[in-house]
Amino acid sequence: MIKILDQDFTELNFFIKHQIPSKIFILVDENTHEYCLPTLLGNLETTVPFEIIEIEEGEQSKNINTAVQLWEILTEFSADRHSLLICLGGGVITDIGGFIASTYKRGIPFIYLPTTLLAMADAAVGGKTGIDHLFFKNLIGTFAEPKQIFLFADYLRTLPFPQLKSGFAEMLKHGLVAD
6 MIKILDQDFT
16 ELNFFIKHQI
26 PSKIFILVDE
36 NTHEYCLPTL
46 LGNLETTVPF
56 EIIEIEEGEQ
66 SKNINTAVQL
76 WEILTEFSAD
86 RHSLLICLGG
96 GVITDIGGFI
106 ASTYKRGIPF
116 IYLPTTLLAM
126 ADAAVGGKTG
136 IDHLFFKNLI
146 GTFAEPKQIF
156 LFADYLRTLP
166 FPQLKSGFAE
176 MLKHGLVAD
C-alpha cells in the first residue's frame, strides 16, 4: 500500500501502466503546483491524457463549495469510473481529494503523493477523507483507501521548518500511542 519512490518514479509509472486509467487528474494546491508538480511531471511516463486541477492552499479550501467545483471539473473533463485522481499535496489535498474520488460516480480510483511530513505520517494513512462544514473540521466525509500511497522524500525539502516540526510531532505521537 505504501511505496517509496526513487528518483525516476519507477514504481509510480509501473502502477499507472498496470492500472490502465482512461484519464488522469492531478489535484494540487498553489504550493504543490509550484514546488512539487514539476518533479512529478518531469518523471511521469504515460500516454494517458491528464488534467491539472488546482485549488487554493489551506484548510479554508476544504469545504463543500470546493467539493462541488471539483465534481464539476471532473464532469466537464469527462471523468469516468476508470479515471485516476492523483492527490499531490499535504493533508488538505489528501482529505478533499480522497473525499472527491470516493463520492464522484460512487467512487473512482485515487492515489496519494503526500508532500508534507504530517501528511506522510498521518493524513494519507487510514482511509479517512473529508471536508469541513459549519465550522466543524471533517464534518462530512467517507472512509476510502487510496489504491496506493507513494512517498517521495525529496518533497520534504520544499517545506518550511515549522511544517517539518509539525510532522515530527505527529510521528512522535504515533510512536507514544503505539508503545
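Each residue of the sequence shown is one higher than the one before, starting from 6 at the first, in the numbering used here.
Cβ coordinates follow ideal geometry from the N, Cα and C atoms, glycine included.
None of the values given here were measured: they were computed from a predicted structure.
With 16 or more other Cβ atoms inside 10 Å of its own Cβ, isoleucine 136 counts as buried. Sixteen is the threshold: when 16 or more other Cβ atoms of the shown chains lie within 10 Å of the Cβ of methionine 125, as they do, the residue is buried. For aspartate 100, the enclosing alpha helix (DSSP H) begins and ends at 96 to 108. Valine 33 sits in a strand when the DSSP states are folded into three classes. DSSP, reduced to helix, strand and coil, places proline 167 within a helical segment of the structure shown.
Taking a C-beta distance under 9 Å as the contact criterion, isoleucine 31 and isoleucine 60 do not qualify as a contact pair. Per the coordinates, the alpha-carbon of glycine 131 lies some 31 Å from the alpha-carbon of threonine 52. Beta-carbon to beta-carbon, tyrosine 40 and threonine 163 are separated by about 4 Å, close enough to satisfy the 8 Å threshold. About 4 Å separates the beta carbons of phenylalanine 115 and leucine 90, which is inside the 8 Å limit, making them a contact pair. Collapsing the DSSP output to three states places isoleucine 21 in a helix. Around the Cβ of leucine 10, a 10 Å sphere holds 16 or more other Cβ atoms; the residue is buried. Cβ atoms of serine 88 and proline 26 come within 8 Å of each other, at about 6 Å. Glycine 103 sits away from lysine 142, with the two beta carbons spaced by 9 Å or more. According to the DSSP secondary-structure assignment, tyrosine 40 is paired through a beta bridge with no residue.
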